[in-house]
Structures are given as C-alpha cells and as structure tokens.
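So the protein sequences, as listed, match chains F and U.
Counted from 1, the first sequence has number 69 at position 69 by this note's numbering; the numbering is strictly sequential.
In short: position in the second sequence from 1, add 117, done, that's this note's numbering.
Where a beta carbon is used, it is the ideal one built from N, C-alpha and C, also for glycine.
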Amino acid sequence: DTEVTQTPKHLVMGMTNKKSLKCEQHMGHRAMYWYKQKAKKPPELMFVYSYEKLSINESVPSRFSPECPNSSLLNLHLHALQPEDSALYLCASSQEVGTAFSNQPQHFGDGTRLSIL
Amino acid sequence: DAKTTQPTSMDCAEGRAANLPCNHSTISGNEYVYWYRQIHSQGPQYIIHGLKNNETNEMASLIITEDRKSSTLILPHATLRDTAVYYCIVRVDWIYNQGGKLIFGQGTELSVKP
Chain F
1 DTEVTQTPKH LVMGMTNKKS LKCEQHMGHR AMYWYKQKAK KPPELMFVYS
51 YEKLSINESV PSRFSPECPN SSLLNLHLHA LQPEDSALYL CASSQEVGTA
101 FSNQPQHFGD GTRLSIL
Chain U
118 DAKTTQPTSM DCAEGRAANL PCNHSTISGN EYVYWYRQIH SQGPQYIIHG
168 LKNNETNEMA SLIITEDRKS STLILPHATL RDTAVYYCIV RVDWIYNQGG
218 KLIFGQGTEL SVKP
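The structure is reproduced here in structure tokens:
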C-alpha cells in the first residue's frame with residue numbers, strides 16, 4: 001500500500017475538456033512532485049513544490065497547471081490536452097528538497113492513467 | 118540526462134539471489150545512489166539508497182565500489198513478486214531548497230522465473 005494517494009486511477013477526456021488530478025499525502029512531507037510516464041519509458045519530472053510554492057517547472061506546456069492548496073494536497077489541472085499527453089501521471093513526496101536533506105527518498109503514488117481522445 | 122547505465126534485462130531463478138549492476142562513472146562526491154523499482158501498473162517503489170558505505174535493509178542490499186563508479190543491488194532470495202523494472206538513479210540537486218531531481222535511466226527489467 002502506498003502512502004501517497006492519487007485520484008482518479010483512470011481518466012478519459014476529450015481535447016476540449018477540463019479536468020483535475022489529485023494527490024494527497026499525510027506523512028508531513030514538505031516537498032511534492034508531478035512526473036509524467038509514457039509507456040515503456042522511465043518517469044520524467046514535470047513540477048516540484050517546496051513548502052507549497054512552485055520551485056521547479058521543467059518547461060511544461062501551460063495546458064498543465066499545478067496547484068498546491070496546502071502541505072498535504074497537490075493538484076494538476078488539465079485543459080485542452082493533446083493525444084500525445086496520454087500517459088501515466090505520478091505524484092511523489094519527500095520530507096524536504098534542500099541539499100541538507102538530499103538523502104531523503106521520494107515516495108510515489110500509483111498514478112493516474114490518462115487517455116486523451 | 119541520466120547519469121547511470123544498466124543492463125536492459127535480466128533473468129533470475131526464484132529463490133536465488135538477484136544481482137543488478139549499475140554504472141555511474143560521473144557521480145560526484147556528494148551525490149547519493151538510489152534504487153527504485155516499478156512493478157507493472159504501479160508507481161515506483163523506493164528500495165534503498167547509499168553514499169559510500171554498503172547498505173542493507175529489509176528489502177535489499179546495496180554494494181557501492183570504493184571509487185563509487187558502480188554499484189550492485191542484491192535481492193537475496195528473489196520471488197516471483199520481485200519481477201519489475203529496477204531503476205538505479207543518481208540524484209541531481211539544484212540550488213539549495215529549489216528541489217532535488219531524480220533522473221531516471223532506462224532501468225533493468227528483472228524477470229524472476231519459477
């Protein structure tokens with residue numbers, strides 16, 4: 001069982017729809033992450049939040065909009081996605097992000113499998 | 118860019134030790150080596166990490182060479198449930214408090230066979 005919970009597990013949406021992915025953790029972690037994973041490929045980092053503030057955006061298109069309402073929740077708002085955005089979207093968290101705690105592992109959820117029609 | 122290289126696939130007999138190698142010849146002195154695995158349809162699962170010394174936990178052992186240019190993950194008694202893709206990762210740090218980046222390589226697909 002994972003301590004990072006992602007909902008929904010599966011999502012099918014059209015290119016004109018607006019939807020949101022949700023991630024929740026109750027481990028007291030202050031860093032949270034979004035990753036994208038295409039089939040047969042390793043995960044790729046999209047965003048990093050540290051203390052509810054966006055600290056890293058890996059040049060992700062604006063049709064993906066992250067939000068961190070509080071230290072336990074992370075959302076990814078989706079709008080006008082393209083078929084190539086179909087992928088597994090993974091959320092992760094870690095205690096901290098700073099160098100002093102760089103040996104803290106990231107804990108992943110099981111992801112949301114997104115299909116764009 | 119991934120800083121690790123791993124074999125694409127490996128087989129292991131059930132009950133035997135699985136030894137998964139990883140090369141990280143450009144690792145810096147303060148960079149940790151992490152191992153994760155991903156079972157089909159699940160998120161990556163943290164296994165173990167280390168800096169210089171060998172490490173052991175309830176899941177596996179990590180052996181790091183003295184020059185830190187390579188490491189080996191050992192699953193002492195592999196079971197069918199250990200079939201997964203195993204990622205060896207060298208963490209890349211940004212500016213302090215800006216985030217730590219796990220750059221996944223292609224990983225090793227381990228098949229444990231009866």
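Measure how close the beta-carbons of residue i and residue j come, nearest whole angstrom, since I'm counting them as under 8 Å.
i: residue 179/U; j: residue 201/U; result: With 8 Å as the limit, residue 179/U and residue 201/U do not qualify as a contact, their Cβ atoms being about 16 Å apart.
i: residue 185/U; j: residue 144/U; result: 5 Å
i: residue 163/U; j: residue 153/U; result: 6 Å
i: residue 116/F; j: residue 82/F; result: 6 Å
What is the DSSP secondary structure of residue i, reduced to helix, strand or coil?
i: residue 197/U; result: helix
i: residue 151/U; result: strand
i: residue 101/F; result: Low local confidence applies: a pLDDT of 47 at residue 101/F is under 50, so the model's placement there is unreliable, with the coordinate-based value given in what follows. Three-state result, residue 101/F: helix.
i: residue 83/F; result: helix
i: residue 220/U; result: coil
i: residue 132/U; result: coil
i: residue 144/U; result: coil
i: residue 165/U; result: strand
i: residue 66/F; result: strand
i: residue 10/F; result: strand
i: residue 56/F; result: strand
i: residue 92/F; result: strand
i: residue 180/U; result: strand
i: residue 24/F; result: strand
i: residue 75/F; result: strand
i: residue 31/F; result: strand
i: residue 36/F; result: strand
i: residue 41/F; result: coil
i: residue 138/U; result: strand
i: residue 16/F; result: coil
i: residue 51/F; result: coil
Name, please, each residue of chain F whose Cβ falls closer than 7 Å to the Cβ of residue i.
i: residue 161/U; result: 43, 108
i: residue 218/U; result: 45
i: residue 204/U; result: 42
Hey, residue i and residue j: beta-carbon distance below 9 Å or not?
i: residue 42/F; j: residue 221/U; result: yes
i: residue 122/U; j: residue 141/U; result: yes
i: residue 9/F; j: residue 78/F; result: no
i: residue 70/F; j: residue 20/F; result: no
i: residue 119/F; j: residue 111/F; result: The structure shown has nothing for residue 119/F, since chain F only spans 1 to 117.
i: residue 189/U; j: residue 139/U; result: yes
i: residue 85/F; j: residue 113/F; result: no
i: residue 35/F; j: residue 90/F; result: yes
i: residue 87/F; j: residue 33/F; result: no
i: residue 219/U; j: residue 106/F; result: yes
i: residue 146/U; j: residue 108/F; result: no
i: residue 241/U; j: residue 151/U; result: In the structure as shown, chain U begins at 118 and stops at 231. Residue 241/U is therefore absent and cannot be evaluated.
i: residue 27/F; j: residue 52/F; result: no
Residue i versus chain U: which residues are under 7 Å apart at the beta carbon?
i: residue 90/F; result: 160
By the criterion of Cβ-Cβ separation under 9 Å, what are the contact partners of residue i in chain U?
i: residue 111/F; result: 158, 159, 160
Closer than 9 Å by beta-carbon distance: list the chain F residues that pair up with residue i, in chain order.
i: residue 223/U; result: 41, 42
Starting from the beta carbon of residue i, find every residue of chain C whose beta carbon is closer than 7 Å, and list them in chain order.
i: residue 151/U; result: Among the chains of the structure shown, chain C does not appear; the protein chains present are F and U.
Report whether the distance from the Cβ of residue i to the nearest heavy atom of the ligand ATP is below 8 Å.
i: residue 71/F; result: This structure simply doesn't include the ligand ATP, nor any ligand for that matter.
Inset, instruction - Indicate whether the contact test is met: 3 or more Cβ pairs, each with one atom in the stretch 182 to 197 of chain U and one in the stretch 119 to 139 of chain U, closer than 8 Å. - result: yes
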